[in-house]
Amino acid sequence: MESITRKKIVAFTKTYNHAFRNGRLKHAGRVREYALMLAKKENADRDIVEIAALLHNIGYAVKSYGHPPLDSARISGLFLKDVLSEGMAKRVAECIRHHRAIDKEPESVEAKIIAAADSLAFLEDKGMQFFVYKLSRGDIKGMRKRISRIMGKIKLESARRIAAPLFEESARRWRVQKRKIGND
Ligand SMILES: [Fe+2]
């Protein structure tokens with residue numbers, strides 16, 4: 002990807018992610034790191050995954066349909082038609098639209114990478130706090146549901162290998178916290 006294109010996309014990402022709080026920009030950066038790492042392992046298109054990672058959550062800045070991946074794909078599409086070729090923009094949109102596997106499972110290897118990278122970023126940055134938080138509120142059911150959704154998005158073997166220790170660390174902290182609560 003030409004550096005001018007990357008600059009435009011990063012600037013656009015910053016505008017949208019700053020419109021939303023809770024570390025969205027940091028998260029997009031983390032997803033990008035994992036996506037590029039997985040693209041190398043899977044021989045996938047690095048430009049497609051990098052762009053999709055940066056833009057995958059920008060729909061949170063608007064709230065029109067209540068379905069952020071759709072909003073993210075729509076807003077990205079409008080922006081990318083002037084920046085990328087039609088074919089590339091389409092492939093990026095597919096990754097963004099299906100990264101949560103809500104109505105359709107991701108099909109291309111790039112789309113599978115974005116779904117997996119999103120989960121890996123969550124496990125690394127929020128997983129532990131999130132599990133402990135849910136436990137402290139006694140919401141075991143909610144926690145289990147979220148865990149199976151996160152892990153369910155990791156279809157690629159290469160990503161599973163990265164997820165295993167991250168998940169183990171979250172589970173370890175969860176057990177420590179559970180013991181603490183049990184002893185109170
Ligand atoms: Fe995400």
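For what it's worth, our numbering labels the leading residue of the sequence shown as 2, then goes sequentially. The beta carbon of each residue, even a glycine, is placed where N, CA and C say it ideally should be. Just so we're clear, the structure is a prediction, and the values are computed from it rather than from any experiment.
*Within the region 52-122, note down every full alpha helix (DSSP H) run reaching 4 residues or more, in order along the chain.*
69-81 and 87-98
*Just tell me which of E106, K146 and L81 has its CA closest to the CA of A12.*
To locate residue 12, count along the sequence shown from 1; it is residue 11. Ranking the options by Cα distance to A12, first place goes to L81.
*Within 10 angstroms of its Cβ, does F79 collect 16 or more other Cβ (buried), or is it exposed?*
Taking the first residue of the sequence shown as position 1, residue 79 is located at position 78. One detail in the question is off: residue 79 reads as Leu in this sequence, not Phe. Result: exposed.
*Which residue from G139, I5 and P70 puts its Cα closest to that of K179?*
Here residue 179 is taken as the residue at index 178 of the sequence shown, counted from 1. K179 has its Cα closest to that of G139, out of G139, I5 and P70.
*S77 classed as buried or exposed, judged by whether at least 16 other C-beta atoms fall within 10 angstroms*: Position 76 of the sequence shown holds residue 77. It is buried - the Cβ of S77 has at least 16 other Cβ atoms within 10 Å.
*In this structure, does DSSP put I141 in helix, strand or coil?*
Counted from its first residue, the sequence shown places residue 141 at position 140. In the structure shown, I141 sits in a helix (DSSP, three-state: H, G or I).
*Any heavy atom of ligand 1 nearer than 6 Å to the CB - residues listed*: H28, V32, H57, N58 and D119
*What do you reckon, are the CB atoms on E106 and H99 nearer than 8 Å?*
Mapped onto the sequence shown, residue 106 falls at position 105. Mapped onto the sequence shown, residue 99 falls at position 98. Closer than 8 Å, so yes.
*What residue from E125, A54, M2 and M144 has the CA that sits closest to A164's CA?*
Translated into positions along the sequence shown, residue 164 becomes position 163. Per the Cα distances, E125.
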